[in-house]
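Here is the structure we will look at.
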Amino acid sequence: MKTFILFSFILMMIACQPNNITPTAPVNNSAQPDLTDGTLLKQGMFTGIGGHTVSGTVTIYEKSSKKYIVFDPYSSQSGPDLKVYLSKNEQASEYIRIGPLMSTTGKQVYEVTTNVDLAVYPFVHIWCEKFSVEFARAPLK
Amino acid sequence: MLFRSCFILLAFGPLFAFSQATSKTSDYLDATLAFGKYQGSLAIHYTHFWNLGKSQRLSLGFGGRITSYIGANQYYVTAPAQLTSESTSPLIFFKDNIEKNIDTLLIKSPQVTMMNVSLNIQYRISKKITAGFNIDALGFSFGGKQSANYINGNTGANTQASPTSFNILLISDNDRGSLNSELFARYAINDRWSVRGALQFLFTEYTTETKVQQFPEANDRFRVKSFMLGAGVTYKLK
Chain A
761 MKTFILFSFI LMMIACQPNN ITPTAPVNNS AQPDLTDGTL LKQGMFTGIG GHTVSGTVTI
821 YEKSSKKYIV FDPYSSQSGP DLKVYLSKNE QASEYIRIGP LMSTTGKQVY EVTTNVDLAV
881 YPFVHIWCEK FSVEFARAPL K
Chain B
2 MLFRSCFILL AFGPLFAFSQ ATSKTSDYLD ATLAFGKYQG SLAIHYTHFW NLGKSQRLSL
62 GFGGRITSYI GANQYYVTAP AQLTSESTSP LIFFKDNIEK NIDTLLIKSP QVTMMNVSLN
122 IQYRISKKIT AGFNIDALGF SFGGKQSANY INGNTGANTQ ASPTSFNILL ISDNDRGSLN
182 SELFARYAIN DRWSVRGALQ FLFTEYTTET KVQQFPEAND RFRVKSFMLG AGVTYKLK
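The listed protein sequences correspond, in order, to chains A and B.
Position one of the first sequence corresponds to residue 761 (this note's numbering), numbered consecutively onward.
Position one of the second sequence corresponds to residue 2 (this note's numbering), numbered consecutively onward.
Set out below in structure tokens:
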């Protein structure tokens, strides 16, 4: 039994090595789409989940028949393999992966490349995919 | 694949000569710890051998093995041969996987314990060194329900999965459940005790609560094939 516990401990120590850490530097604003004349569709506020420190506003815009998710302002702690999801419910039991979280701070714009019905996907999540941990959630209204 | 090819080649020939074997038998108990990337296993294995031929260098036998596998953030993939090869024929052994049919199930903390009957072959190379191969054939698996993330391109589902209960060795991806196999070498320290090194090829399989994969057909079985290096000890019982 002692051997098994030691073996498990060693394994978990190896397993907890972080990877794909999200950048902490803000995204270069000039490289992001200008949505000043876009149509605001939905908006929500991030709440940290499970003790994670996350705050910010998420807004969905439409411009030239494309949908965009905008985090502005945004601030969160860093983590491994953080992804942005649009989902059908609080548990993200069915989701669309928008992409890796660009930065832990500042404005960031994500283009929604698939045709999504926002009435069906009313939640935005920050999700640590590799470790299956939800960092934050924003219900869209 | 390589392990199984070796086993089939080594096993079937001697089986025909089995009826002429002497009645001399030997029993072993071994314990092996194996490690791979973010994963590991502990296996306890009892084996009963019939030692064949005049020199009794070649032995065939069966056994019982308990393997406990744990991992972290392992990517399981679509398991059924009907999807991975679009066939269940024995010839799929020689067929490449069809990538477009294979989806991923990320399991945060897989933990599977399997109890299987094993098939064994070993050859005594010298007085102190023995090499061999063994593979699980039939048994059961158990373990707790785990959170799992089904990933299919840019869509997915967070779900729950449990180890597939029933294990059976068939051909290639026709296998079901969790099965261990080893290519090993053993060095005798004295009449009873040996140290052993092993290349372990371990399948573990999870079944999701619902059939999360829908295309090209509904599926709830996902498998990971772990290649690990192991070390352990063997005690000769008889």
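Note that beta-carbon positions come from the ideal geometry of N, C-alpha and C, so glycine has one too.
- The alpha carbon of F185 (chain B) has as its nearest neighbour, out of B:S27, B:K25, B:D31, B:I99, the alpha carbon of B:D31.
- Here F216 (chain B) is exposed: its Cβ has fewer than 16 other Cβ atoms, across all protein chains shown, within 10 Å.
- Contacts between G157 (chain B) and chain A, judged by CB atoms closer than 7 Å, involve Y855, R857 in chain order.
- Contacts with chain A (Cβ-Cβ distance below 8 Å) from the region 40-73 of chain B involve Q40, G41, L43, S69, I71, G72, A73, listed in chain order.
- Contact annotation: A158 (chain B) and V213 (chain B) have beta-carbon atoms nearer than 7 Å.
- Separation of the CB atoms of Q201 (chain B) and N175 (chain B) is rounded to 21 Å, and the pair is thereby denied contact status at 8 Å.
- The C-beta of A879 (chain A) comes no closer than 7 Å to any C-beta of chain B.
- By the Cβ rule, the region 139-154 of chain B does not count as touching the region 188-203 of chain B, because fewer than three pairs are nearer than 8 Å.
- Cβ-Cβ distances below 7 Å link R222 (chain B) to A80, P81, T165, E206, T208 in the same chain, with the five nearest sequence neighbours on each side left out; the list follows chain order.
- About 18 Å separates the Cβ atoms of Y828 (chain A) and V880 (chain A), ruling out a contact at the 8 Å cut-off.
- Here L900 (chain A) carries a coil assignment [DSSP, helix/strand/coil].
- Given a length threshold of 3 residues, each whole run of the beta strand (DSSP E) inside the region 69-156 of chain B is given here in chain order: 75-79, 105-108, 112-125, 130-143, 147-153.
- Within chain B, N74, K109 have C-beta atoms less than 8 Å from the C-beta of F891 (chain A), given in sequence order.
- Secondary-structure assignment with DSSP links Q837 (chain A) through no beta bridge to anything.
- The region 47-67 of chain B and the region 86-95 of chain B do not touch, with fewer than three beta-carbon pairs separated by less than 8 Å.
- Look at A898 (chain A): its C-beta is not under 7 Å from any C-beta on chain B.
- Judged by DSSP secondary structure, T208 (chain B) falls within the beta strand (DSSP E) whose first and last residues are 194-209.
- For N181 (chain B), not one C-beta of chain A is nearer than 7 Å to its own C-beta.
- Nearest to F891 (chain A) by alpha-carbon distance, out of A:G798, A:P786, A:Y870, A:K843, is A:K843.
- The straight-line gap separating the alpha-carbon atoms of G54 (chain B) and V78 (chain B) is approximately 44 Å.
- Taking S847 (chain A) as the centre and dropping the five residues before and after it, the same chain places the C-beta of E854, Y855, Y881, F883, H885 closer than 7 Å to its C-beta, in chain order.
- Going by C-alpha positions, L238 (chain B) is about 54 Å away from T156 (chain B).
- Shown here for G198 (chain B): same chain residues with a beta carbon closer than 6 Å to its own, the five before and five after excluded, namely A186, A232 in chain order.
- Using a 10 angstroms sphere on the CB of S790 (chain A), the tally of other CB atoms stays under 16, which defines it as exposed.
- Taking C-beta atoms as the reference points, E894 (chain A) and I809 (chain A) count as a pair closer than 7 Å.
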